[in-house]
Amino acid sequence: RKERGVGGRVKMLHILTSAVFSCHPIHTEPISCIVGRSDILCATFFLLALILHQGAVEKDRTKWGTMSVSTLLGILAALCKELGATVFGVFVAHEIIIALSRSQPEEEEEAG
337 RKERGVGGRV KMLHILTSAV FSCHPIHTEP ISCIVGRSDI LCATFFLLAL
387 ILHQGAVEKD RTKWGTMSVS TLLGILAALC KELGATVFGV FVAHEIIIAL
437 SRSQPEEEEE AG
């Protein structure tokens, strides 16, 4: 009698099963459920808006085209889920941090 646990087909089935198990997400509700789509869309628009906003204000001058696209993405995030509206508060906090970091070297030069 042939031992099936060592055979090629069974071994390949074990490898395939473990590969599917390792790649398959454990919590599939946000991905497979239509209700969970808003979470993913909100996070996507939120992060894209934040990345574009940071790119628009990091240089010496503001890129208004990029800024308006990031604002539009922030509005889309807010339309997907209420939590997305907080991106505008993050924009303000980011602007304050940028303004403070730009003013510190001037204060240090005046003191020195």
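Numbering (this note's numbering), first residue to last: 337 to 448. The C-beta atom is built at its ideal place from N, Cα and C for all residues, glycine as well.
Exercise for the section: Using a threshold of 8 Å, state whether the C-beta atoms of C416 and L352 are closer than that. Expected result: No; because the gap between Cβ atoms is not below 8 Å, this pair is not in contact.
Practice task
For G401, count neighbouring Cβ atoms within 10 angstroms of its own Cβ and tell me buried if that reaches 16, exposed if not.
Solution key: exposed
Practice task
For the alpha helix (DSSP H) containing R397, list its first residue and its last residue.
Solution key: That residue, R397, is in no alpha helix (DSSP H); it is neither H nor E in DSSP.
Problem - Cβ contact (3+ pairs, closer than 8 Å) linking the region 430 to 437 and the region 405 to 413 - result: no
Practice task
Could you say which of V393, R397, K347 lies nearest to A429 if we only look at CA atoms?
Solution key: V393
Exercise for the section: Would you mind sorting H389 into buried or exposed? The rule is 16 or more other CB atoms within 10 Å of its CB. Expected result: buried
Handout entry: Inter-residue Cα distance where the pair is F381 and T398
Key = 21 Å
Handout entry: G420 versus I387: straight-line alpha-carbon distance, rounded
Key = 14 Å
Practice task
Pull up the distance between the alpha-carbon of T422 and that of R345, whole angstroms please.
Solution key: 54 Å
Practice task
Please work out which residues of its chain come closer than 8 Å, Cβ to Cβ, to M348, disregarding the five sequence neighbours upstream and downstream, and give them in chain order.
Solution key: Excluding residues within five positions, none has a Cβ falling inside 8 Å.
Problem - Among S374, R373, T407, the one whose alpha carbon lies nearest that of L384 - result: Considering only S374, R373, T407, the residue with the shortest C-alpha distance to L384 is T407.
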